[in-house]
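Using UniProt numbering, the first residue of the sequence shown is number 1, and each one after it goes up by one. Even for Gly, the Cβ is constructed at its ideal location relative to N, Cα and C. Keep in mind the model is a prediction, meaning the values are calculated, not measured.
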Amino acid sequence: MTSLKEVQDPDEALSLFHEYHQMGFKHDYPSYSALVYKLARSRNFEAVETVLGYLQDSNVRCGEKLFIALFQHYGKVQLVDKAVELFNRMMGFNCVRTAQSFNALLNVLVDNDRLVDAKELFDRSAKMGFRLNSVPFNIMIKGWLEKGDWHQACKRVAAEAYKVLFEMQIGGCEANAATYRMLVDGFCQSGNIGACFVLEEMVKRKMILDSDGWEALIKDSCRGDGGAGELVNKLLISTA
């Protein structure tokens, strides 16, 4: 009997899947996942839903990576609601839902400019049993900062990013270097360099600003922003 993993063509693999199913053959998880991956890569999402229906009925224990991959595939073609729906159904597939799938969905929402939905999901994290680390906070900060396409909009999203950083500290979650780098970049783009003094926290924590953060600060300093120049000097002194 030919393994579905050996069949390269997605349509042929799907046909073989149905043929085996009609013969009463019970597929294992590797067969299901191999077929779903093939169909998702070919963007045959209608067939993906059909196979997922069989998978759910089979009560086979599923791996979380399969769902994370589907979230990403859905996100690439703007089927964000499908990703959200699947996330909500995950536990019905005999699958343990962890922070990895939560973060993956959050990323899909942010990347598709669904920041309101992302913030709503973020706010419900505790009720869903997730203990947040810096990753989801960084995803939200990235979303707010990337939304700042114009000067005024960027000022607003920089403020939102600062708010998220404050929520991290209140929640006992330590911001990391990536968090601060995104804040530096966003604040500098918005012209709100005064807010960049949040980086004094980096000095206290002996964190090192990465090259992207330095580049943003130096660019603003070269444009004549006194606040940026002062902050560059402080950071240089602190790291000397």
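Item                                                                                                                        : Value
As assigned by DSSP and simplified to three states, the class of Gly75                                                      : helix
Gln22: first and last residue of the uninterrupted alpha helix (DSSP H) it sits in                                          : Pro10 to Gln22
At least 3 beta-carbon pairs within less than 8 Å: the stretch 87-95 vs the stretch 122-135                                 : no
Neighbourhood of Glu120 by C-beta, 8 Å cutoff - its chain only, sequence neighbours within 5 removed                        : none
Reduced DSSP secondary structure (H/G/I, E/B, other) of Leu132                                                              : coil
Every unbroken alpha helix (DSSP H) within the UniProt repeat "PPR" (98-132), with a cutoff of 4 residues, ordered by chain : 99-111 and 115-123
For Lys142, the three-state DSSP class (helix, strand or coil)                                                              : helix
Which listed residue (Gly24, Ser42 and Lys38) has its alpha carbon closest to that of Pro30                                 : Lys38
Exposure label - Ala240; buried when at least 16 CB within 10 Å                                                             : In this prediction, Ala240 scores a pLDDT of 49, lower than 50, which makes its location untrustworthy; no coordinate-derived value is stated.
Whole-Å CB distance - Leu145 paired with Met168, under 8 Å assumed                                                          : Between Met168 and Leu145 the Cβ distance is about 15 Å, and since that is not below 8 Å, they are no contact.
Cβ-Cβ distance between Cys62 and Leu55 below 8 Å                                                                            : yes
For Val84, the first and last residue of its enclosing alpha helix (DSSP H)                                                 : Val80 to Arg89
Where the alpha helix (DSSP H) through Lys38 begins and ends                                                                : Tyr29 to Arg41
Reduced DSSP secondary structure (H/G/I, E/B, other) of Lys5                                                                : helix
Inter-residue spacing [alpha-carbon to alpha-carbon] between Val77 and Phe45                                                : 10 Å
Opening and closing residue of the alpha helix (DSSP H) in which Gly53 lies                                                 : Phe45 to Ser58
Whether Lys65 touches Tyr74 by CB criterion (8 Å)                                                                           : no
Under the three-state DSSP convention, the category Lys26 falls into                                                        : coil
Selection from Asp111, Phe67, Arg41 and Ser58 that minimises the alpha carbon distance to Gly24                             : Ser58
Residue from Asn107, Ser42, Glu6 and Val36 whose Cα sits closest to the Cα of Glu49                                         : Val36
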